[in-house]
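Engineer:
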Amino acid sequence: MALAMDLVRSSEPDPINGYRSFELGEFKLTRDAYFATVDWPAKGQRHIHKLPIDYFLRAMMRDVAWGFFYGWVNFDHIFGTKNLYGTVEMYAGRYNEAYHLAGLSYVETFDEPVIMATFKAILADWVNAGFDPFAAPEETSTSVFGPKNGNNFEAIERTRLNTQRMPGVAGDSPLRDEAAYPINRHFLDVPQDDPVVRAEPGFEDQLSAFNLFKYLSRSDVTWNPSVTGVCKASLACPTTEEFILPVFHGNDRVEWFIQLSDHIVWDVQDKETGRPRAMITMRAGDVAAMPADIRHQGYSPKRSMLYVWENATPGLPDRYESGELPVYPVEF
Ligand SMILES: [Fe+2]
Numbered sequence: 009m010a011l012a013m014d015l016v017r018s019s020e021p022d023p024i025n026g027y028r029s030f031e032l033g034e035f036k037l038t039r040d041a042y043f044a045t046v047d048w049p050a051k052g053q054r055h056i057h058k059l060p061i062d063y064f065l066r067a068m069m070r071d072v073a074w075g076f077f078y079g080w081v082n083f084d085h086i087f088g089t090k091n092l093y094g095t096v097e098m099y100a101g102r103y104n105e106a107y108h109l110a111g112l113s114y115v116e117t118f119d120e121p122v123i124m125a126t127f128k129a130i131l132a133d134w135v136n137a138g139f140d141p142f143a144a145p146e147e148t149s150t151s152v153f154g155p156k157n158g159n160n161f162e163a164i165e166r167t168r169l170n171t172q173r174m175p176g177v178a179g180d181s182p183l184r185d186e187a188a189y190p191i192n193r194h195f196l197d198v199p200q201d202d203p204v205v206r207a208e209p210g211f212e213d214q215l216s217a218f219n220l221f222k223y224l225s226r227s228d229v230t231w232n233p234s235v236t237g238v239c240k241a242s243l244a245c246p247t248t249e250e251f252i253l254p255v256f257h258g259n260d261r262v263e264w265f266i267q268l269s270d271h272i273v274w275d276v277q278d279k280e281t282g283r284p285r286a287m288i289t290m291r292a293g294d295v296a297a298m299p300a301d302i303r304h305q306g307y308s309p310k311r312s313m314l315y316v317w318e319n320a321t322p323g324l325p326d327r328y329e330s331g332e333l334p335v336y337p338v339e340f
């Protein structure tokens, strides 16, 4: 991983547990055998918040891999980031109604390269050998806990798979190599046949088709979309999910979900306060438009396939925040 360490403020390794601590503005981030600790100034003191280290690293891995994504990435009910596209807001307690009203919240904004470099440096230091923050818990080791024990650069250097053309079309990234990407243990029943394409002579490199279910059955990561189709501002981002979405995503635009297999339970809350809004079970074939004013976290009891449809039209966050656009795509 290329680390821009000149942008990162970190300590020497702790003599007891071997981990470095990191500072971003007034925030301080430390880890020990079991917990990440975030602390920040509030009411003239330092306020601290602890997250289990495996949850913290899974969330931070998504924030880095998604480039801070659209809107809010809540690591939990207290701590997270909000993408301001060029700069990134880091917050503690700001979008938790009780903390914020108690005067314990804190927000600071950083240039994107600074926070990205720091998050990558944290992952490089805090992810131990054998632990893969992209994997489902059953598929990786518990080596995340305990004192510092090596690194796993191979796992944390994965980036999301962007395509320039449809996967499999000449000139684009190849489809998943069948030898390198075996069928996931939960998708052994997914048919692996490929569509038959008969192109007119001269159009062989322009016409293609692939089996999306086969493609997804070989995904080796969870909760990390593959952008398999781009049509202007429309992004097709199918993904495979297992266990818990490691973040509560706060939408800054409407987001569409199509459940392709199995089921996911979504905990939907108010984006600003965290007040409960809905619990939704989406089964295979269900379609949902997640509104622009919510945060959501998904629970997938076995590996499932979810088609996420994102609208990358520039300027959408401002148009929703100003009220120009309703938070729902359709008013019934
Ligand atoms: Fe979302």
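All the letters of the sequence shown, read from the start, carry residue numbers 9 to 340 under my numbering.
Ideal placement from N, C-alpha and C gives every residue a C-beta, glycine not left out.
1) Taking only three categories from DSSP, how would you classify GLU105?
2) Would the beta-carbon of MET287 be found less than 7 Å away from any heavy atom of ligand 1?
3) Look up GLU208 in the DSSP assignment and say whether it is helix, strand or coil.
4) Answer yes or no: the CB of GLU263 versus the heavy atoms of ligand 1, is any distance below 7 Å?
5) With respect to the beta strand (DSSP E) encompassing SER242, which residues constitute its N-terminal and C-terminal limits?
6) Is the beta carbon of MET98 sitting closer than 8 Å to the one on LEU32?
7) Check whether the Cβ of ASN259 lies closer than 7 Å to any heavy atom of ligand 1, and answer yes or no.
8) Cα-Cα, which of ALA188, GLN214, ASP202 is closest to ARG226?
9) Buried or exposed for PRO233, please, with buried defined as at least 16 other CB atoms from any protein chain shown within 10 angstroms of its CB.
10) By the 10 Å Cβ neighbour count, where 16 or more other Cβ atoms means buried, how is ASP326 classified, buried or exposed?
11) First and last residue of the beta strand (DSSP E) that includes GLU97?
12) Please state the DSSP three-state secondary structure of ALA63.
13) Alpha carbon to alpha carbon, how far is LYS36 from VAL177? Give it in angstroms, no decimals.
14) At the level of alpha carbons, what is the spacing between PHE139 and PRO60?
15) Under the assumption that PHE251 contacts SER312 (Cβ atoms under 8 Å), give the Cβ distance between them as a whole number of angstroms.
16) Should the region 295-309 be regarded as contacting the region 53-72, the criterion being three or more beta carbon pairs within less than 8 Å?
17) Run through DSSP, which three-state label would ALA292 get?
18) Please identify the residue among ALA207, ASP71, ARG184 whose C-alpha is closest to the C-alpha of VAL255.
19) Assess, as a yes-or-no matter, whether the region 266-285 is touched by the region 103-114 under the definition of 3 or more beta carbon pairs within less than 8 Å.
20) From ALA286 to PRO299, what does the alpha carbon distance come to, in whole angstroms?
21) Rounding to the nearest angstrom, what Cα-Cα distance links ARG184 and ASP47 in this structure?
22) Where does PHE340 sit, in a helix, a strand or coil, going by DSSP?
23) With 16 other CB atoms within 10 Å as the buried threshold, where does CYS4 fall?
24) Would GLN53 be called buried (16 or more neighbouring beta carbons within 10 Å of its own) or exposed?
25) Pull up the CB-CB distance for ILE302 and GLN277, whole angstroms please, since I reckon it's below 8 Å.
26) What does the alpha-carbon distance come out to for the pair ALA50 and LEU220?
27) Restricting to runs no shorter than 4 residues, where is the alpha helix (DSSP H) found entirely within the region 19-77?
Structural biologist: Concretely, from the data shown:
1) helix
2) no
3) coil
4) yes
5) 242-252
6) yes
7) yes
8) ALA188
9) buried
10) exposed
11) 95-100
12) Looking at the sequence itself, residue 63 is Tyr, so the reference to Ala does not match. Of the three classes helix, strand and coil, the one that applies to TYR63 here is helix, per DSSP.
13) 47 Å
14) 14 Å
15) Between SER312 and PHE251 the Cβ distance is about 11 Å, and since that is not below 8 Å, they are no contact.
16) no
17) coil
18) ASP71
19) yes
20) 12 Å
21) 42 Å
22) coil
23) Outside the shown range of the chain, which is 9 to 340, sits residue 4, and nothing can be said about it.
24) exposed
25) 7 Å
26) 49 Å
27) 61-73
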